[in-house]
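Here the protein sequences come in this chain order: A and B. The opening position of the first sequence corresponds to residue 183 in our numbering, with each subsequent residue numbered one higher. The opening position of the second sequence corresponds to residue 183 in our numbering, with each subsequent residue numbered one higher. Note that beta-carbon positions come from the ideal geometry of N, C-alpha and C, so glycine has one too. This structure is a prediction, so every number in the text was calculated from the model and none was measured. Step one of this worksheet: look at the structure below.
Protein chains: 2
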Amino acid sequence: MVATLRSGEVVTLAHGSGGKATRKLVEELFARELSNPLLDELGDAAVADGLAFTTDAFVVKPLFFPGGDIGELAVNGTVNDLAVAGAEPLWLSAAFVIEEGFPLEDLRLIVQSMARAAEHAGVPVVAGDTKVVEHGSADGLFVTTAGVGRMRATFGRPQAGDRVLVSGTIGDHGFAVLVARGDLRLETALESDTAPLHWLTASLCELGTQLRWMRDPTRGGLATTLNELASSAGLTVRLDEAALPIRPEVAGAAEILGIDPLYVANEGKLVAVVAPEAANEALARLGPDAAIVGTLTDDSPSLVLLDTALGGSRIVDMLVGDPLPRIC
Amino acid sequence: MVATLRSGEVVTLAHGSGGKATRKLVEELFARELSNPLLDELGDAAVADGLAFTTDAFVVKPLFFPGGDIGELAVNGTVNDLAVAGAEPLWLSAAFVIEEGFPLEDLRLIVQSMARAAEHAGVPVVAGDTKVVEHGSADGLFVTTAGVGRMRATFGRPQAGDRVLVSGTIGDHGFAVLVARGDLRLETALESDTAPLHWLTASLCELGTQLRWMRDPTRGGLATTLNELASSAGLTVRLDEAALPIRPEVAGAAEILGIDPLYVANEGKLVAVVAPEAANEALARLGPDAAIVGTLTDDSPSLVLLDTALGGSRIVDMLVGDPLPRIC
């Protein structure tokens, strides 16, 4: 496999998209070189000895956007990676790479926002580090969080007949950040959905092995996350287009920009797979904005099929390229 | 205290030095806003429930230098933060922020180096993340590692009469990186001392409460680390200049550049405080390059005093400003 990363090749924005290029880079470089049983799982968090451990770098641009900022995003993102692994988040760390000349007032706003998000989630930031690089050597501020959690539950395994649920509308974060960049000349009231998910995941964990699988569909969106599910479970994910919750503002922006909300990052949404007999209970636990959006089947290869509103069906591939760089 | 970070102020390279400005930023912004009992300790790692947790961002320039590279540094740096907290390092995470256009071959060399360092230390990298930013928005590559460890031991408390030991020569890493930058027009065989310290710290932990305190003197060097000791213990650290192990190449570079090796980063050296009756045993455990370099006293305020080779003594303050930006 290594031969497919050719000599002279360089890192591209697509390698950071969360889609196909990211997966290739992870599988053929990071996972290959650093291989060990825990890393090889390639989950959102490593799990062993009753603990979960995860990390995420945040490079979102702009740093402040409707509904949140990089600080809140960094706290919630790592809380959520632990949450969907079935863990109770215990501790966070935060490391800052700051460009010389960055306003201390903005740094304070971001750290205050992290503090509020950590307080809200009930997960303290217990360790940190700060590095400063020369003006021009970074774009303002990057934040990397890591998190440790205690495992609550082990799930069942996804199987044919299981239902796929999402906890609310998709695409809100990505479109909110795109609009905030201002280069779209689009006026909407869209806000990022950044939020912690660990209360929702704790509630679903009470379903025991009727809960099969959880993820937060961030970079690459719901489409990429469900492709990973199809691939790892060896099943088909059949999505019902009409059931997908999408805000009218997102649908409008999506149409104007030609960007499919299925590929757009969410930062406060849960996708869960549950046994069919637990679907209504799970739906109730996920709240009023949740929806049952699909079913797992074993009658086709490992892929995601979208049954469209018009009665047809099409393959939903992983993200190729990156329509939305630096979305998180 | 908050008023001392004034409106309109910006982040400077000194804020990343590990010295006085860093301490002020940490105390008046990060620790103040994110305050919680674990973070408030401001140790190299947070410790609770028998676990230790830490993080470090690495922005060293150049990425490859004599004796190591950013990957090896990132692995050893986090292993060492856990080690000096008295923990057995269990797991590492690694998050990469990569500039678009970065050569994949260099990325592979760095990841291979991390893999070798992790293998050598016996601590796997179990979680990771990769983000890519546009060309010009980062300087090649930044790596942030975090680590989880299991606590081995609790130390005694530093007290008057205790001895201060270092495990080997000081200043090697910082001067090696400076020379590697090439703008000094200096030719030396100096190499970074990057190395894992957890075997040494495990050995010292066997001394029980006769072991009082451990740190790895990275950014800001031995002087800054010992100032933190003096301040937290409320004691004077008396250093014996003649006992400080310094390579002739480092002494030479220091003289030419006018940079005191006491303020220069080490990446594979341990400084330990032990009870006087355990000093020789600790010295033997630290190996042939170790030295007893000082004593704690309670006859002066909380500061670091250097007894010079000429018979005088001078105050060794914390680092002010940053003579060596991006040294780790």
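So, does the CB of A:Ser-275 fall closer than 8 Å to a CB anywhere in chain B? One-based indexing of the first sequence puts residue 275 of chain A at position 93. Yes, A:Ser-275 lies at the interface with chain B (some Cβ there is under 8 Å from its Cβ).
Could you check where the beta strand (DSSP E) with A:Ser-275 kicks off and where it finishes? What you label residue 275 of chain A is simply residue 93 of the first sequence in a count that begins at 1. Residues 269-281.
Using the Cβ count rule (16 or more neighbours within 10 Å means buried), how would you classify A:Ala-405? Here residue 405 of chain A is taken as the residue at index 223 of the first sequence, counted from 1. Counting Cβ neighbours within 10 Å, A:Ala-405 comes out buried, since at least 16 surround it.
Given B:Val-456, which residues of its chain have a CB within under 7 Å of its CB, disregarding the five upstream and five downstream residues? Taking the second sequence and counting its residues from 1, the one referred to as residue 456 of chain B is at position 274. Counting only Cβ-Cβ distances below 7 Å, and skipping sequence neighbours, we find Asp-344, Arg-345, Leu-347, Leu-389, Gln-392, Leu-393, Arg-394 and Ala-464.
Mapping DSSP to helix, strand and coil, what is A:Phe-212? Locating residue 212 of chain A in the first sequence gives position 30, counting from the first residue. Helix.
What residues from chain B crowd round A:Thr-400, counting only those whose CB sits closer than 7 Å? Here residue 400 of chain A refers to the residue found at position 218 when the first sequence is read from its first residue. Here the premise fails: no neighbours, minimum Cβ distance about 11 Å.
Check A:Ile-509 in the structure and name its three-state DSSP category. Reading the first sequence from its first residue, position 327 is the one you call residue 509 of chain A. In the structure shown, A:Ile-509 sits in coil (DSSP, three-state: anything other than H, G, I, E or B).
8 Å is my cut-off, CB to CB: does B:Asp-311 come that close to chain A? On the second sequence, position 129 is the one that residue 311 of chain B refers to. By this cut-off, B:Asp-311 is an interface position.
Interfacial residues, the region 188-201 of chain B to chain A, with Cβ spacing under 7 Å: Ser-189, Glu-191, Val-192, Val-193, Thr-194, Leu-195, His-197 and Gly-198
Nearest neighbour of B:Leu-291, chosen from B:Ile-252, B:Gly-493 and B:Gly-318 [CA to CA]: The residue labelled residue 291 of chain B in the question sits at position 109 within the second sequence. Among B:Ile-252, B:Gly-493 and B:Gly-318, the Cα nearest to that of B:Leu-291 is on B:Ile-252.
Can B:Glu-449 be considered in contact with the ligand MN, in the sense that its beta carbon sits closer than 7 Å to one or more heavy atoms? Questions concerning the ligand MN fall outside what the structure shown contains, since it holds no ligand whatsoever.
Which partner residues does B:Gly-476 have in the DSSP bridge list? For the purposes of this step, residue 476 of chain B is taken as the residue at position 294 of the second sequence. BP columns for B:Gly-476 point to B:Val-346 and B:Leu-421.
Label A:Gly-450 either buried or exposed according to how many other C-beta atoms from any shown protein chain fall within 10 Å of its C-beta, with 16 as the threshold for buried. The sequence position of residue 450 of chain A within the first sequence is 268, counting from 1. With 16 or more other Cβ atoms within 10 Å, it is buried.
What are the start and end residues of the beta strand (DSSP E) that includes B:Asp-489? The residue you call residue 489 of chain B lines up with position 307 of the second sequence. Start and end: 486-489.
Interface partners of B:Asp-246 on chain A, CB under 7 Å: Mapped onto the second sequence, residue 246 of chain B falls at position 64. The sequence given here has Phe at residue 246 of chain B, not Asp. Those do not exist, as B:Phe-246 stays about 16 Å from chain A at its closest Cβ, beyond 7 Å.
Just to make sure I have the definition right: I need the residues of chain A whose C-beta is within less than 7 Å of the C-beta of B:Gly-403. Which are they? Reading the second sequence from its first residue, position 221 is the one you call residue 403 of chain B. Under the 7 Å cutoff, chain A gives no residues; its nearest Cβ is about 16 Å from B:Gly-403.
Just to confirm the assignment, what range does the alpha helix (DSSP H) spanning B:Gly-403 have? Counting from 1 along the second sequence, the entry for residue 403 of chain B is found at position 221. Counting along the chain, the alpha helix (DSSP H) containing B:Gly-403 begins and ends at 403-415.
Leaving out five residues on either side along the sequence, give the residues of the same chain with a beta carbon under 6 Å from the beta carbon of A:Ala-415. Counted from its first residue, the first sequence places residue 415 of chain A at position 233. The residues are Pro-340.
What three-state label does DSSP hand B:Ala-185 in the structure shown? The residue labelled residue 185 of chain B in the question sits at position 3 within the second sequence. Note that B:Ala-185 has pLDDT 41, beneath the 50 cutoff, so the model's placement of it is unreliable and the number below is only indicative. B:Ala-185 falls in the helix class under three-state DSSP.
A:Ala-276 beta carbon less than 8 Å from that of A:Val-315: Along the first sequence, one-based indexing puts residue 315 of chain A at 133. Along the first sequence, one-based indexing puts residue 276 of chain A at 94. No, Cβ-Cβ distance for A:Val-315 and A:Ala-276 is not below 8 Å.
Could you name the residues of the same chain whose beta carbon sits closer than 7 Å to that of B:Gly-493, not counting the 5 residues immediately before and after it, in chain order? In the second sequence, residue 493 of chain B corresponds to position 311, counting from 1. Taken in chain order, the list of residues that qualify is empty.
Would the beta-carbon of B:Trp-273 fall within 8 Å of that of B:Val-229? If you number the second sequence from 1, residue 273 of chain B lands on position 91. If you number the second sequence from 1, residue 229 of chain B lands on position 47. The answer is no: Cβ separation not under 8 Å.
Taking 8 Å as the threshold (C-beta atoms), are A:Val-359 and A:Val-279 in contact? Taking the first sequence and counting its residues from 1, the one referred to as residue 279 of chain A is at position 97. Taking the first sequence and counting its residues from 1, the one referred to as residue 359 of chain A is at position 177. Not a contact, by the Cβ cut-off of 8 Å.
Out of B:Val-432, B:Leu-426 and B:Val-193, which one is the CA nearest neighbour of B:Leu-207? As a first step, residue 207 of chain B is located in the second sequence; it is residue number 25 there, counting from the start. With distances taken between Cα atoms, B:Leu-207 lies closest to B:Val-193.
Is it the case that the Cβ atoms of A:Gly-250 and B:Phe-212 are separated by a distance below 8 Å? As a position in the first sequence, residue 250 of chain A is number 68, starting the count at 1. As a position in the second sequence, residue 212 of chain B is number 30, starting the count at 1. Cβ distance not < 8 Å, so A:Gly-250 and B:Phe-212 don't count as in contact.
Between B:Leu-426 and B:Val-475, is the Cβ-Cβ spacing less than 8 Å? Walking along the second sequence from the start, residue 426 of chain B turns up at place 244. Walking along the second sequence from the start, residue 475 of chain B turns up at place 293. For B:Leu-426 and B:Val-475, yes; Cβs fall inside 8 Å.
Partner residues on chain A for B:Glu-215, Cβ-Cβ distance less than 8 Å: Here the question's residue 215 of chain B lines up with position 33 in the second sequence. Neighbours of B:Glu-215 on chain A, chain order: Arg-290, Val-293, Gln-294, Met-296 and Ala-297.
Where does A:Leu-366 fall in DSSP's three states? Taking the first residue of the first sequence as position 1, residue 366 of chain A is located at position 184. Note: A:Leu-366 maps to coil in three-state DSSP.
Checking 8 Å against the spacing of the C-beta atoms, do B:Asn-448 and B:His-355 come in under that value? Residue mapping note: residue 448 of chain B aligns to position 266 of the second sequence, counting from 1. Residue mapping note: residue 355 of chain B aligns to position 173 of the second sequence, counting from 1. In contact: B:Asn-448 and B:His-355 (Cβ atoms closer than 8 Å).
In whole angstroms, give me the CA-to-CA distance for B:Ser-199 and B:Asp-481. Locating residue 199 of chain B in the second sequence gives position 17, where the first residue counts as 1. Locating residue 481 of chain B in the second sequence gives position 299, where the first residue counts as 1. Approximately 30 Å, taken between the alpha carbons.
Where the alpha helix (DSSP H) through B:Ile-164 begins and ends: Past the edges of chain B, shown from 183 to 510, lies residue 164 of chain B, and the structure says nothing about it.
At the level of alpha carbons, what is the spacing between B:Thr-327 and A:Ala-491? Counting from one through the second sequence, the residue named residue 327 of chain B turns up at place 145. Counting from one through the first sequence, the residue named residue 491 of chain A turns up at place 309. Near 46 Å, if we compare the C-alpha coordinates of A:Ala-491 and B:Thr-327.
Less than 8 Å between CB atoms is the rule here; does B:Thr-204 satisfy it with respect to chain A? Within the second sequence, the letter at position 22 stands for residue 204 of chain B. Closer than 8 Å: yes.
What are the boundary residues of the alpha helix (DSSP H) that includes B:Arg-467? As a position in the second sequence, residue 467 of chain B is number 285, starting the count at 1. Its alpha helix (DSSP H) spans residues 461-468.
As a quick exercise: from A:Ala-265, A:Leu-233, A:Gly-283 and A:Leu-444, pick the residue whose alpha carbon is nearest that of A:Asp-422. Reading the first sequence from its first residue, position 240 is the one you call residue 422 of chain A. The residue with the shortest Cα to Cα distance from A:Asp-422 is A:Leu-444.
Three-pair Cβ contact test at 8 Å for the region 329-339 of chain A versus the region 431-442 of chain A: no
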